[in-house]
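Inspection log for the structure reproduced underneath, given as structure tokens.
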Amino acid sequence: MVVKLKAIIIKQDRMGINSKMIVKKGVHFFLYLRYCSKDNIYDLCCNKNYRNLEIPLATTDRSFVTNVWDFFCSLKLTLFLLISLALTSIIGTILPQGALPPEYVAQISATKLQIYTKLGFFDMYHSWWFIALLYVFSLNLVSCSIKRLPHVFKFISEPTLVLGEGQRNSFSLKKELSFSGPVEKGKDRLVEFLGKEFSTPVITEQNGEYHLFAQKAAWCRLGVYVVHFSILVIFVGAIIGSLAGYKGYVTIVEGTSVNAFEGRNGQQMPLGFEVLCEKFNVDFYATGAPKEFRSILTILEKGKPVPGYSQVKVIVNEPLTYKGITFYQSSYGQANEGGEHFISVTPKNGGAPEKLTVRDGVVVTLKDGTTFKLLEATQEVRQFAPGFSGPAARIEVTRKGAAPQTFIAFKNFPEVNAQRGDALIFGYEGTNAKQYTGLQVAKDPGVWVVWLGCALMVIGISVAFFMSHKRIWVVVSKGHARMYGNASKNQAGFQMQFEDISEKFHVIKI
Amino acid sequence: MTSSMFFNITTFAYLISTVVFFAFLASKNKSLGIAGSFIAYAGLAVQTVAIALRWKESYDMGVGHAPMSNLYESIVFFSWTIILLFAYIDIRYKYRIVGAFVVPFALLGMAWAQLGMNTGIEPLVPALQSNWLLYHVITCFLGYAAFAVACGISIMYLLRTAMEGTNSSAPAGGLMSMFPPLKVLDDLNYRSIMIGFPLLTLGIITGAAWANYAWGTYWSWDPKETWSLIVWFVYAAFLHARITKGWVGKRAAWLSVIGFAATIFCYLGVNLFLSGLHSYGNSKM
Chain A
36 MVVKLKAIII KQDRMGINSK MIVKKGVHFF LYLRYCSKDN IYDLCCNKNY RNLEIPLATT
96 DRSFVTNVWD FFCSLKLTLF LLISLALTSI IGTILPQGAL PPEYVAQISA TKLQIYTKLG
156 FFDMYHSWWF IALLYVFSLN LVSCSIKRLP HVFKFISEPT LVLGEGQRNS FSLKKELSFS
216 GPVEKGKDRL VEFLGKEFST PVITEQNGEY HLFAQKAAWC RLGVYVVHFS ILVIFVGAII
276 GSLAGYKGYV TIVEGTSVNA FEGRNGQQMP LGFEVLCEKF NVDFYATGAP KEFRSILTIL
336 EKGKPVPGYS QVKVIVNEPL TYKGITFYQS SYGQANEGGE HFISVTPKNG GAPEKLTVRD
396 GVVVTLKDGT TFKLLEATQE VRQFAPGFSG PAARIEVTRK GAAPQTFIAF KNFPEVNAQR
456 GDALIFGYEG TNAKQYTGLQ VAKDPGVWVV WLGCALMVIG ISVAFFMSHK RIWVVVSKGH
516 ARMYGNASKN QAGFQMQFED ISEKFHVIKI
Chain B
231 MTSSMFFNIT TFAYLISTVV FFAFLASKNK SLGIAGSFIA YAGLAVQTVA IALRWKESYD
291 MGVGHAPMSN LYESIVFFSW TIILLFAYID IRYKYRIVGA FVVPFALLGM AWAQLGMNTG
351 IEPLVPALQS NWLLYHVITC FLGYAAFAVA CGISIMYLLR TAMEGTNSSA PAGGLMSMFP
411 PLKVLDDLNY RSIMIGFPLL TLGIITGAAW ANYAWGTYWS WDPKETWSLI VWFVYAAFLH
471 ARITKGWVGK RAAWLSVIGF AATIFCYLGV NLFLSGLHSY GNSKM
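Residue numbers (the working numbering), protein chains in the order written: chain A, 36 to 545; chain B, 231 to 515.
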């Protein structure tokens, strides 16, 4: 059903938002105009282009398709989605995500576990319902834009050039100028004035009056749509990343190389080249806190180092990228294979020290029947024994017929080793065990799309929040000219500008 | 003079400012309002010096870094940004009384930091050794501060509506007569969030950029990331709510308070109750 708009009465609520429009036969209905700001409505109502606007009346016999369309365009849906996304997101920050730790499984009841698993709570950000929320969110964004963008474009491209009588009363910013000269001259003078003080006006002649219209930054009304579009761009980037990219992990023992890494689901994935770990080191601050985790990596193609990718330092916050694949310093540890430790045993009453080569946890028997084993070793003891530094080992010594004793033997502190009251002095001399470096491996061809989306979002938000569409009308009639001003945002700021222009306007001599 | 002394003076200044603002509320004496603002500004000046000094001290110790690397330093910076934003609102919109509901946030932060936390300068763990730290922390905390200001203003709004609601016959007397009109409070709330939302957006984006640079993934649904997104959703809802009927005024004020509660949880709750990438103290890479 289509009715012709006969009269529109605009009621403003406290917030200056239009809510009611009355059409023929007193039928109340909400127009898409309700989303526009006050001046948009005035423009639309008073612009003769819209005066005979045909508007589909909201009746109960609307088609199903219209209902669905209105549902997806509605701001209520937007609010519902934003709040639902916020609330449901909390679940994933409270429940463990991904592989469940056994302690967690042990403490939760079987039914709960089953329900949570069914609902996808343990991988909720990838669960069907969360993804579905995001899709509906995208659909909502697209529908709203499709519905409103044409109006905004029309608003920008076909501005209200002529102010109707009723419209003029609605302006809070206005100024009048009386002059005695001819209308033509007044018009020319004011066109020049507006051009100089604000922006070049469009001139319309109507009923012996001249209507001058000048505006600035009309396009900033598009800012909010740029923000909405940017969200979609970020989603596209994320989808590209999840389809064409991958993430994984690789450990490389010092002095060895790998040509594959472990993907998220545990399978081995080829790199297409080799990565050699030359060396791994950890530096510490004096406090014992780690200062730098450092891998020295070399990329090999067919067994040969690639120029520019030889002996590259990779630390946290400084990754290495080769052929679109990036390696991030992520963890480290002591490699198991080939781990031999060197222990010196010196009799306290003098005598030559005995050098022994031992393995982790393997019991060694000395000449006098004393047995010992190395429990654990570290190349930097500072974090375990404040005040000490360098390599150290925890060893368990059992004197013949005595209870086992456990203590730490240092490399750099022989005097501390000697202080231990015993007939034998144990010292730790280091290891030939190698360390491994743990690297995150990632390839994400969608990441640039995500950054593009982020840049668009920042630009869009800056425009939408901090720029304002400013408009000035001047109606020149016989004997006087009236100036009206309006801004889409920051009224206070525009008021100052308008008053500034008004003062100059008021003293124009024609 | 050490930075820690200056921080103590700052805390004291915010305490005096809060007391003076409360006295202003009770007495409606304009000069008390001016005094409250100026004591807060003096505190801000001292705090600025203190932060600069702490920065320098870290270099003197040989572990030079911006003073934004742990909970203590971040909460000090948060207090600083809150007073900075208050100064902006005070100077720009001339509603001094807002101070009575905003300065206490800064006071709480400083008091907690000075009394309950380890104030020592610590070297940067490898994960934080990046220029992104500065951009990320500054944008996030300026955003948080704007939300704190918005929350203070919303509390004023809710107090005023509650008072006016109970005895609608009499014009709000007593304390309420000092408050800006409801429409102004609603507008100030909106303006504060208009400042906070872009900054939070920038904070999330710089965080994502940094995460991608350091770990190879710009978004990993870590609790901190997720909570920052929750905060973003709440304020996005607030902004959209303003253009639909029935979601302005009281409901908008509640959304703003909820938004700030979520912000505080994002900032502190995640670190204290949940585990993740932002547990600064741990030596995770």
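Just so it is clear, CB atoms sit at the ideal spot from N, CA and C, and this is done for glycine as well.
For clarity, every value in this text was computed on a predicted model and none was experimentally measured.
Between the C-alpha atoms of F377 of chain B and V332 of chain B, what's the straight-line distance to the nearest angstrom? 10 Å
The stretch 251 to 263 of chain A in contact with the stretch 475 to 487 of chain A per 3-pair CB rule at 8 Å: no
Which residues of the stretch 325 to 345 of chain A have a Cβ closer than 8 Å to any Cβ of chain B? Give them in chain order. P325, K326, E327 and F328
Name the chain A residues whose beta carbon is nearer than 8 Å to that of W484 of chain B? Here the premise fails: no neighbours, minimum Cβ distance about 12 Å.
Please go through the same chain and pick out, in chain order, the residues whose beta-carbon is closer than 6 Å to the beta-carbon of L112 of chain A, but skip the five residues on each side of it. N175
If you follow the alpha helix (DSSP H) that M531 of chain A is part of, which residue opens it and which one closes it? Q526 to H541
Closest Cα partner of V542 of chain A within the set A:A527, A:L225 and A:G133: A:L225
Hey, is L502 of chain B's beta-carbon within less than 7 Å of any beta-carbon in chain A? no
Does the beta carbon of T436 of chain B sit closer than 7 Å to a beta carbon anywhere in chain A? no
I need the straight-line Cα distance from E193 of chain A to A491 of chain B, nearest angstrom please. 45 Å
Tell me which residues share the same chain as Q414 of chain A and place their Cβ nearer than 6 Å to its Cβ, disregarding the 5 neighbours each side in the sequence. P426
Partners in chain A for Y448 of chain B, counting only beta-carbon separations shorter than 7 Å: V482 and V485
Could you say if the stretch 364 to 371 of chain A and the stretch 424 to 443 of chain A meet the contact criterion of at least three C-beta pairs nearer than 8 Å? no
Per DSSP, which residues does C312 of chain A bridge with? Please list them. A:L332
Counting only C-beta atoms, is V464 of chain B closer than 7 Å to chain A at any point? yes
With a threshold of 7 Å between beta-carbons, can H295 of chain B be considered close to chain A, or not? no
State the DSSP-derived secondary structure class of D105 of chain A, mapped to helix, strand or coil. helix
Could you pull out every unbroken alpha helix (DSSP H) segment of at least 4 residues lying fully inside the stretch 284 to 330 of chain B, listed in chain order? 301 to 323
Run the CB neighbour count on F503 of chain B, radius 10 Å, all protein chains shown included, and call it buried at 16 or more, exposed below. exposed
Straight-line gap, Q302 of chain A to I125 of chain A (C-alpha atoms, nearest Å): 31 Å
For K326 of chain A, which of helix, strand or coil comes out of DSSP? strand
Taking 7 Å as the threshold (C-beta atoms), are F335 of chain B and H312 of chain B in contact? For clarity, residue 312 of chain B is Ile in the given sequence; the question names His instead. Their beta carbons are under 7 Å apart, which means I312 of chain B touches F335 of chain B by this criterion.
Quick check on DSSP: helix, strand or coil for S277 of chain A? helix
Would K383 of chain A and V398 of chain A be called neighbours here (beta carbons separated by less than 7 Å)? no
With 16 other CB atoms within 10 Å as the buried threshold, where does E303 of chain B fall? buried
What residue range is occupied by the uninterrupted beta strand (DSSP E) comprising F445 of chain A? Q440 to F445
Chain-order list of residues whose beta-carbon lies under 7 Å from that of F115 of chain A (same chain, five-residue window excluded): none
Here's a check: name, in chain order, each residue in its chain whose Cβ is nearer than 8 Å to the Cβ of A272 of chain B, leaving out the five neighbours to either side. A243
Simplified DSSP state of S486 of chain B, which is helix, strand or coil: helix
If you measure from the beta carbon of I460 of chain B to each beta carbon in chain A, is any gap under 7 Å? yes
What first and last residue would you give for the beta strand (DSSP E) that runs through Q555 of chain A? Residue coverage of chain A in this structure runs from 36 to 545, which leaves residue 555 of chain A outside it and unanswerable.
Interface positions of the stretch 420 to 433 of chain B facing chain A (Cβ-Cβ less than 8 Å), listed along the chain: M424, F427, P428, T431 and L432
Keeping to the same chain, check which residues put their C-beta closer than 8 Å to that of S288 of chain B; ignore five residues upstream and five downstream. G294, H295, P297 and I351
Using a Cβ-Cβ distance cut-off of 7 Å, determine whether T113 of chain A contacts chain B. yes
Measuring CA to CA, which of A:T291, A:F233, A:G221 and A:P185 is closest to E534 of chain A? A:F233
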